[in-house]
Each structure stands twice: as structure tokens, then as C-alpha cells.
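All the letters of the sequence shown, read from the start, carry residue numbers 1 to 74 under the UniProt record's numbering.
Note that CB positions come from ideal geometry on N, CA and C, so glycine has one too.
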Amino acid sequence: QPEGGITELSQLPGLPVWVVTNVKPQFESRVNRTYGIFQAIVYRTQVVAGTNYFIKVCMYYRRECSVVKQYSGL
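Below, the structure written as C-alpha cells:
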């Protein structure tokens, strides 16, 4: 994958667990809600000066979904 390019959609379990663990509290703070269910479904990555993770997460038994971004530095 060239630098800056975004990968194809990937299925889990290739996504590191710490990414979702870090994203959940940040997302909940931003939307001012808490979620008992916060499940990653698919993701893409982009190599920059580190890695951007674009993660589709679903809450409430897949009734509500969102795409979130998490950056991991070098």
C-alpha cells in the first residue's frame, strides 16, 4: 500500500484491540452519550506519519452505526 493510500475494508480480528478501547470513551464524550454495546464491524487503515484507523462501529444491536477515526503515531 502506498503512503497515504487507504486500504480495502478489512474484517476483524485484524484490528488491534487497543484501538477500539481508546475510541469508545472519546466517541462517547464527543456525542455526550454512553453505550453499553460498542462493537467494531469493519475497518480501513491509512499510512501517514503513523496510521489512521477508520472503524465502523455499531451501537444498540446495530441499530445505530458510525465511522470513527483513530490515529496511532510512529
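(request) Count the CB pairs spanning the region 58–73 and the region 30–37 that are closer than 8 angstroms, and state whether there are at least three. (result) Here the region 58–73 makes contact with the region 30–37; the two share three or more CB pairs at distances below 8 angstroms.
(request) Pull up the distance between the alpha-carbon of R63 and that of V42, whole angstroms please. (result) Approximately 16 angstroms, taken between the alpha carbons.
(message) Can you tell me where the alpha helix (DSSP H) holding N22 begins and where it ends?
(response) Following the DSSP letters along the chain, one finds N22 inside the alpha helix (DSSP H) bounded by residues 17–31.
(message) Please tell me whether T51 and S72 are closer than 8 angstroms, where the distance is taken between their beta carbons.
(response) Closer than 8 angstroms, so yes.
(message) On the criterion of 16 or more Cβ atoms from any shown chain inside 10 Å, does T7 qualify as buried, or is it exposed?
(response) Under this definition T7 is an exposed residue.
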